[in-house]
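Worksheet for the structure shown next.
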Amino acid sequence: MASVNKVILVGNVGKDPEVRHLESNVAVARFPLATSESFKDKSGARQEKTEWHNIVVWRGLAEVCEKYVKKGMQVFIEGKIRTNQYQDKDGNTRYSTEIVADSLTMLGGKGDQAPQPVAAGGYAAKSDEPDDLPF
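Using the numbering used here, the first residue of the sequence shown is number 1, and each one after it goes up by one.
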């Protein structure tokens, strides 16, 4: 049976993306994303819970993040969950969970530009250029 690893998040960027260029000039960007939900507790008081997600973006999409994504901006992200295992300095096994983004749409925030859908590879999912289709 097949399995699915799919994540959809809408949240606010916690800090400007940190971008590195690897040996083969492949870009990778990392940034935290906050998603919040509000609810009423047993006493009727409104509560808000914020969850933080570690976002990782590769190649052309990372370069788009470097140029346009800023702290406070609201983004829509689609991707998959990845858990990494590593040894800390004391030899203990640790785990970190991150979201590897396949696509990202800038929804607003700092600068409030129009939404910009971006597919994996850093190319705009929608183009302003007219096509040859009659509809």
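Using N, Cα and C, we set each Cβ at its ideal position, and we do this for glycine too.
_E51 to S3 span [Cα, whole Å]_ = The straight-line gap from Cα to Cα measures roughly 25 Å.
*Is F39 buried or exposed, if buried means 16 or more other CB atoms sit within 10 Å of its CB?*
Around the C-beta of F39, fewer than 16 other C-beta atoms lie within 10 Å, and the residue is accordingly described as exposed.
_For the beta strand (DSSP E) containing L149, name the first residue and the last one._
Past the boundaries of the shown model lies residue 149; the chain is included only from 1 to 135, so the question cannot be answered.
_Contact belief for V26 with I99 at Cβ below 8 Å, rounded distance in angstroms_ = Between V26 and I99 a beta carbon distance of about 19 Å is seen, past the 8 Å cut, so the two are scored as non-contacting.
_Proximity winner among A62, G14 and G11, relative to V20 (alpha-carbon distances)_ = Looking at the sequence shown, residue 20 is not Val but Arg. In terms of Cα proximity to R20, the closest of A62, G14 and G11 is A62.
*Use the C-beta contact count for P130: other C-beta atoms within 10 angstroms, 16 or more gives buried, fewer gives exposed.*
Annotation note: pLDDT 46 at P130 (below 50); position unreliable, coordinate value reported separately. That one is exposed.
*Option nearest L9 by Cα separation, candidates T83, H53, R94 and G108*: Here the closest residue by C-alpha is H53.
*asked:* At 4 residues or longer, what runs of the alpha helix (DSSP H) sit wholly inside the segment 56-101?
replied: Listed in chain order, the complete alpha helix (DSSP H) runs (minimum 4 residues) inside the segment 56-101 are 59-68.
_With H, G and I counted as helix, E and B as strand and the rest as coil, what does DSSP make of K40?_
DSSP, read as helix, strand or coil, puts K40 in strand.
*Report the partner residues of S103 according to the DSSP bridge assignment.*
According to DSSP, S103 bridges with E78.
*Measuring alpha carbon to alpha carbon, tell me which of I81, K42, V28 and T105 ends up nearest T97.*
With distances taken between Cα atoms, T97 lies closest to I81.
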